[in-house]
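Heads up, the sequence shown is in the working numbering, so the first residue is 5 and it goes up one at a time. Using N, Cα and C, we set each Cβ at its ideal position, and we do this for glycine too. Just so it is clear, the structure is predicted and the values come from calculations on it, not from any experiment. First the structure, in the form of structure tokens, and then the observations on it.
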Amino acid sequence: MISNPPLNPACHRFNHALKDAMAAVHHLSDHGLKPLCIRIDGRRPVIVIEPPPYTSFLRGGLHARIRVNNVVRTTLATSVHGCQVEWQIEAPLQAQAVGDV
Numbered sequence: 005m006i007s008n009p010p011l012n013p014a015c016h017r018f019n020h021a022l023k024d025a026m027a028a029v030h031h032l033s034d035h036g037l038k039p040l041c042i043r044i045d046g047r048r049p050v051i052v053i054e055p056p057p058y059t060s061f062l063r064g065g066l067h068a069r070i071r072v073n074n075v076v077r078t079t080l081a082t083s084v085h086g087c088q089v090e091w092q093i094e095a096p097l098q099a100q101a102v103g104d105v
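Shown next as structure tokens:
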């Protein structure tokens with residue numbers, strides 16, 4: 005029987021990240037959440053999902069907030085199965101009254 009040679013360290017980390025990402029994607033899809041993309045380029049895989057419903061088990065912390073024209077894009081993030089899960093919420097910028105500063 006032929007045995008496979010051991011993976012080099014970079015391949016081993018990538019293989020481990022893929023397994024973590026697949027476990028997280030299965031867990032998210034079991035709860036009705038839809039993944040949009042997966043990035044495996046840093047320490048932990050990053051999974052971007054559609055915004056979860058308010059009743060979802062996910063509770064994220066503020067990751068980034070960006071204002072583009074009259075829209076505020078808020079990115080929330082949390083950890084699931086060793087992966088960072090992110091989603092983005094867009095909201096129109098509230099108009100300020102003339103006297104408010």
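With respect to residue 95, residue 72 sits apart: the two C-beta atoms are not nearer than 8 Å. In the DSSP annotation of this structure, the continuous segment of the alpha helix (DSSP H) that includes residue 17 starts and ends at 13–34.
Relative to the Cα of residue 37, the nearest Cα in the group 98, 45, 28 and 93 belongs to 28. Counted as a single uninterrupted DSSP element, the beta strand (DSSP E) harbouring residue 94 occupies residues 87–96. Secondary structure of residue 47 (DSSP, three-state): coil.
A distance of 8 Å or more separates the beta carbons of residue 32 and residue 54. Residue nearest to residue 90 within the set 98, 18, 74 and 25 is 25 (criterion: CA-CA distance). Bounds of any beta strand (DSSP E) do not take in residue 63, whose DSSP letter is neither H nor E. Assigned with DSSP and collapsed to three states, residue 37 falls in coil, not helix or strand. Around the beta-carbon of residue 9, fewer than 16 other beta-carbon atoms lie within 10 Å, marking it exposed.
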